[in-house]
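J.: I'd like to ask some things about the structure below.
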Amino acid sequence: MRSEQGKNTTKRKNVSYSFLFLVIVLIVYGVLFFVEPDKSMKSVYASWHIFLNIIPVLLVVVFLMGLSNYVLKPKKVSKYLGEKSGFKGWSISALFGILSHGPIYVWYPLLKELKEHGMRTGLIAVFLYNRAIKLPLLPVMIFYFGVLFVLILCIYMIVCSLLQGKIIELLEDTYCGLKRELV
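To convert, take the position in the sequence shown, counting from 1, and add 34; that gives my numbering.
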């Protein structure tokens, strides 16, 4: 029961910080509008265009989050991406990192939700690391650098992502162990 209250308090704090951030941004825009109206309007238009460009990706991520809530129960996430997921979890995370597109920050909520359902933090690191491999850009990269270079680089990046994921898990385990000893 106590942990539920802690979660609710944390959610309320996050909402209040988000609201406070929005109010501060609006105040800054309001002040800047009186100081530099032309530049302020250009900034508003630029922000609006960025927002319009990320709407499709946001819709996909919201859809995936809804789908994950419906389909991915904690047991399933645990099976494929949890502590005992093994090679399958590392492979899935690397593959979906390579296949993912759009701005990285729109994937954060989905990854957070998967983590709350049991996804390992090392697999999150693997996903994020492998986003550097951009499938649509591979032909251009091959044109400029050659097949062998691109192949070696991609293999290197995948292997390093797995190492980074493992290192993050080791550091997290060490930190949690130290934290328990201090308490």
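Positions of the beta carbon are idealized from the N, C-alpha and C atoms, including for glycine.
Taking Cβ to Cβ, would you say valine 174 is nearer than 7 Å to valine 140?
T.: no
J.: Does the stretch 71-89 come into contact with the stretch 108-123, if we say contact requires no fewer than three beta-carbon pairs (one atom in each stretch) closer than 8 Å?
T.: No, they do not touch.
J.: Can the beta-carbon of phenylalanine 161 be found closer than 7 Å to that of glycine 136?
T.: no
J.: Could you tell me which of Ser195, Cys194, Leu172 sits nearest to leucine 185, measuring between CA atoms?
T.: For leucine 185, the closest of Ser195, Cys194, Leu172 by C-alpha to C-alpha distance is Leu172.
J.: Go ahead and pull the three-state DSSP assignment for isoleucine 58.
T.: helix
J.: On the premise that leucine 93 lies in contact with leucine 144, defined as a C-beta separation below 8 Å, what is that separation, rounded to the nearest angstrom?
T.: Wrong, their Cβ atoms sit about 13 Å apart, outside the cutoff.
J.: Answer yes if the stretch 201-212 comes into contact with the stretch 152-171, meaning at least three C-beta pairs across the two stretches below 8 Å, and no otherwise.
T.: Touching, per the Cβ criterion.
J.: Would you report the Cα separation of serine 52 and tyrosine 178, rounded to the nearest angstrom?
T.: 44 Å
J.: Within 10 Å of its beta-carbon, does tyrosine 209 have 16 or more other beta-carbons around it, so buried, or fewer, so exposed?
T.: exposed
J.: Does DSSP classify alanine 166 as helix, strand or coil?
T.: coil
J.: Does leucine 182 pass the burial test, meaning 16 or more other C-beta atoms within 10 Å, or should it be called exposed?
T.: exposed
J.: Using beta-carbon positions only, say whether tyrosine 163 and serine 134 come within less than 7 Å of one another.
T.: no
J.: Using 10 angstroms around the beta-carbon of isoleucine 167, count the other beta-carbons present and answer buried if the total reaches 16, otherwise exposed.
T.: Answer is buried; the Cβ neighbour count reaches 16.
J.: Just to confirm, are phenylalanine 67 and serine 77 a CB contact at a threshold of 7 Å?
T.: no
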